[in-house]
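Contents: one structure, followed by commentary.
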Amino acid sequence: MEKIKNYINGAFLPPNSNNYFNNYNPSTGEVYSMIPDSTEEDVQLAVDSSKKAFPVWSELSAEKRSEYLLRIAEIINKYSEKLAVAETVDNGKPLWLSKSVDIPRAVKNFEFFASAIKHFSSEAHSTDKNTLNYTLRQPVGIIGAISPWNLPLYLFTWKIAPALAAGNCVIGKPSEITPMTSYMLSEICIEAGLPGGVLNIVHGYGNTAGKAVVSHPEIKAITFTGGTSTGREISKIASPMFKKLSLELGGKNPVIIFSDCRYDEMLETTVNSSFRNQGEICLCGSRIFIEKNLYKKFRDDFIKRVSQLTVGDPLLDSSNLGAIVSKQHFEKILYYIELAKTEGGKILCGGNPVKINGRCDGGWFIEPAVIEGLSSDCRTNQEEIFGPVVTIIPFENEEEVLQMANSTEYGLASVIWTENLSRAHNLSAKIKSGIVWINCWMVRDLRTPFGGVKNSGIGREGGLEALRFFTEPKNVCIKY
Ligand code: NDP
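Counting from 1, position 474 in the sequence shown corresponds to residue 460 in the numbering used here; the numbering is continuous, with no gaps.
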C-alpha cells in the first residue's frame, strides 16, 4: 500500500516515529494509503531546512520567485487529470467538480500570486518639505499553513502561493483526512526545481503535527482554514507568542430570497449553493429565508429539483453529489438530521444514508436534505453542519429577515436575491458577514478580500490582503 511521505528540505522523508495511519477512500470505505504520523521532530527538521533556505529565497527578486510559481502552476496543469482523480478518491467529491473547480483553481492560485507579487507596492508619505516616509514590505519569515479537507489542494495552495510569492518559507500541514494531492504537490515542487526548504509539507494529525507547527517559536505566522473550535485552540497557543494569525473559520450562511428575484436563475443557483461538494463548502448557504408570498412556490419547486439530484459514485459524470468525506463526518451529519426532527423540523426530502451497489457499497453517502418548520434560533439553525442539509424559513419583511440572518455566532458569507437595488445595497451594508453575493453565489475574483467576521475568523486573505498578511511593514523616515 502506498505510503505518503513528508517533503522536507526538497526530499521525501518518512516520519521520524516511523508510524503511519490509515487514509480512507470515502466512496468505498476502504483504506487505500498510509499517512505519516509526524511529530515535533519532523516539524523541527522542516524548520531547520526553512531557516537555511530563507536568506536566499527572501532575497530573490520578485520576478524570479514569480517564475518558480509559474513553473509549479504549469506542472499542476500538466498533471491536472491525475490530480483530479486523486482529489476525488481522497475526498469523495465528484470527479467533474475536481476537474472543473479544485485543480484549475490550484493552478490559478499560483498564477495569480506569481503576477500579484510583481504588482505589489507599498506606500510613501511626504511629511513636510524635508521629510519622507516610505514603507518597506519584508517577508515575515517561516509561515505555518494549515488547511482543511473540503477543498484540499485548492485551499492549501491558496495559502502557500502568496506566502512563497512574498518571500517567505512555508511549512504546510494538510488535513490528515485528505493528504494525497498535497503529497503530489511535493513531487511537483521537486520537478519545478523549487529550492529545498522553501516549502516543506509535514503530514499527520492536527493535534500533534498541526499543534507542533502552531507552537514552534520560529514559525512567525499561522494561516489556518478550518473549524471555529480548532481556530480557538490555535489562537490560545499562537496569540501569547504574538504570532501573526489569519483564521478562516466556520460558517452558517444565510440565503435571502425576495419574491422580486429572477426566479429560475435563483432556483438553479440555490440548488448549487446548498449542495455543491455535498454541502461541504464553507460558503454554502445552509439557512434559506424566503419571502412569505413566494414560500410555497419555492418550497415545491426546490424539493422537486433537489429530489432529482443523483447521489452516486463520484467517478461517474452522472453523480451530482459524491461521498461524505469520512465516517465520522457522515455520522455527524446524520446526528444533525435526527436533531432537526427532535427540534420539530419536518424533513421535506432526503436525509437518509444512501447504499450504492457495486464498487461504492461500503462508502458514506447521504441524500441531500431539505427541512422546514424550525425556528431560526434552534441548534439546527445555529450550529455548522457542513453537509448536504438546508433549512427553509419564511419571512415577512427586511427587518425580520435581517434579524434572523444575523442571529448566529458566524459571519462568513451571505446571498441575497432581489431585483430591488436599494434593498440590495441596504441589506449588504447591514448584514454581518465578510462576503455578500447579490443575485449570484461563489463568483470569485482572487483580487477581493476573503474572510469572515464574528466567529468565522479574523483577517482577510486574497489579493493584496494576502500579500500584506505575509509581509511585515517597516516604516523608514528620512530627513533630508
Ligand atoms: P478542522 O478544524 O478539524 O481542521 C482543519 C485543519 O486543522 C486540519 O489540517 C487539521 O488537521 C488541523 N488541526 C486540527 N486540530 C489542530 C490543532 N489543535 N492544532 C493545529 N492544527 C489542527 O476543520 P476541518 O478539516 O474539519 O474542515 C472543516 C471546517 O473548515 C468547517 O468548519 C468549515 O467551515 C471550515 N472551512 C472554512 C473556510 C473559510 O474559508 N472560512 C473554508 C473551508 C472550510 P487534521 O485534519 O489532521 O485534524
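Where is the CB? At the ideal position from N, CA and C, for every residue including glycine.
> Of all the alpha helix (DSSP H) runs that stay within the bounds of the stretch 59 to 128, which reach a length of 4 or more residues?
Replying inline: 66 to 77 and 89 to 105
> According to DSSP, is Y322 helix, strand or coil?
Replying inline: helix
> Near L301, which residues of its chain fall below 7 angstroms by C-beta distance, leaving aside the five closest residues on each side in sequence?
Replying inline: T74 and L81
> Hey, is C270 close to ligand 1, as in C-beta under 6 angstroms from one of its heavy atoms?
Replying inline: no
> What is the residue span of the alpha helix (DSSP H) that N279 lies within?
Replying inline: K278 to S293
>> For N425 and P240, I'd like the C-alpha separation in whole angstroms.
In response: 13 angstroms
> Between T404 and F284, is the Cβ-Cβ spacing less than 7 angstroms?
Replying inline: no
> Can we say the stretch 434 to 450 touches the stretch 219 to 235, given the rule of at least three CB pairs closer than 8 angstroms?
Replying inline: yes
> Span of the alpha helix (DSSP H) holding G449?
Replying inline: G449 to F455
> Who pairs with N461 in a beta bridge, going by DSSP?
Replying inline: T121
> Taking Cβ to Cβ, would you say E370 is nearer than 7 angstroms to K238?
Replying inline: yes
> What three-state label does DSSP hand L253 in the structure shown?
Replying inline: helix
> In or out: R262 buried (at least 16 other Cβ within 10 Å) or exposed?
Replying inline: buried
> According to DSSP, what are the bridge partners of L231?
Replying inline: I208
> Between the C-alpha atoms of N343 and P203, what's the straight-line distance to the nearest angstrom?
Replying inline: 51 angstroms
> How about the stretch 154 to 168 and the stretch 125 to 142: do they share at least three Cβ pairs that are nearer than 8 angstroms?
Replying inline: yes
>> On the criterion of 16 or more Cβ atoms from any shown chain inside 10 Å, does M252 qualify as buried, or is it exposed?
In response: buried
>> Please tell me whether F142 and S172 are closer than 7 angstroms, where the distance is taken between their beta carbons.
In response: no
>> On the CB-based measure, 16 or more other CB atoms within 10 Å of its CB, does Q264 come out buried or exposed?
In response: buried
> Do the stretch 343 to 359 and the stretch 368 to 386 touch if we need at least three Cβ pairs shorter than 8 angstroms?
Replying inline: yes
>> Looking at the strands, I want to know which residues DSSP matches up with E(-12).
In response: S19
> For A131, which three-state DSSP category applies?
Replying inline: strand
>> Buried or exposed for A468, going by 16 or more other Cβ atoms inside 10 Å?
In response: Not covered by the structure: residue 468. The range shown for the chain is -13 to 466.
>> Quick check: F351 and V297, are their CB atoms within less than 7 angstroms of each other?
In response: yes
> A70 and I58 look like a contact to me (Cβ under 8 angstroms); what is the Cβ gap, rounded to whole Å?
Replying inline: 17 angstroms between Cβ atoms; not a contact.
>> Looking only at its chain, what residues have a beta carbon closer than 8 angstroms to the beta carbon of I333, apart from the 5 residues adjacent to it on each side?
In response: I323, A326, K327, A355, V356 and I357
>> By the three-class DSSP mapping on this structure, what secondary structure does L185 have?
In response: strand
>> My assumption, with CB atoms under 8 angstroms, is that S35 sits in contact with G190. Please give the rounded CB distance.
In response: In fact, because the Cβ distance is near 17 angstroms, the residues do not count as touching under 8 angstroms.
>> Under 6 angstroms: does the beta carbon of W135 sit that close to some heavy atom of ligand 1?
In response: yes
> Cα separation between L450 and F106?
Replying inline: 7 angstroms
>> Threshold first: 4 residues or longer. Then list the alpha helix (DSSP H) segments lying entirely within the stretch 355 to 420, N to C.
In response: 365 to 368, 384 to 391 and 407 to 416
> Under three-state DSSP, which class holds L(-1)?
Replying inline: strand
> Cβ of N461 versus every heavy atom of ligand 1: is any distance shorter than 6 angstroms?
Replying inline: no
> In whole angstroms, what is the alpha-carbon distance linking G336 and S293?
Replying inline: 7 angstroms
>> Just verifying my parser: in three-state terms, what is the DSSP assignment at I163?
In response: coil
> When we look at the beta-carbon of D299 and count the other beta-carbons within 10 Å, is it buried (16 or more) or exposed?
Replying inline: buried
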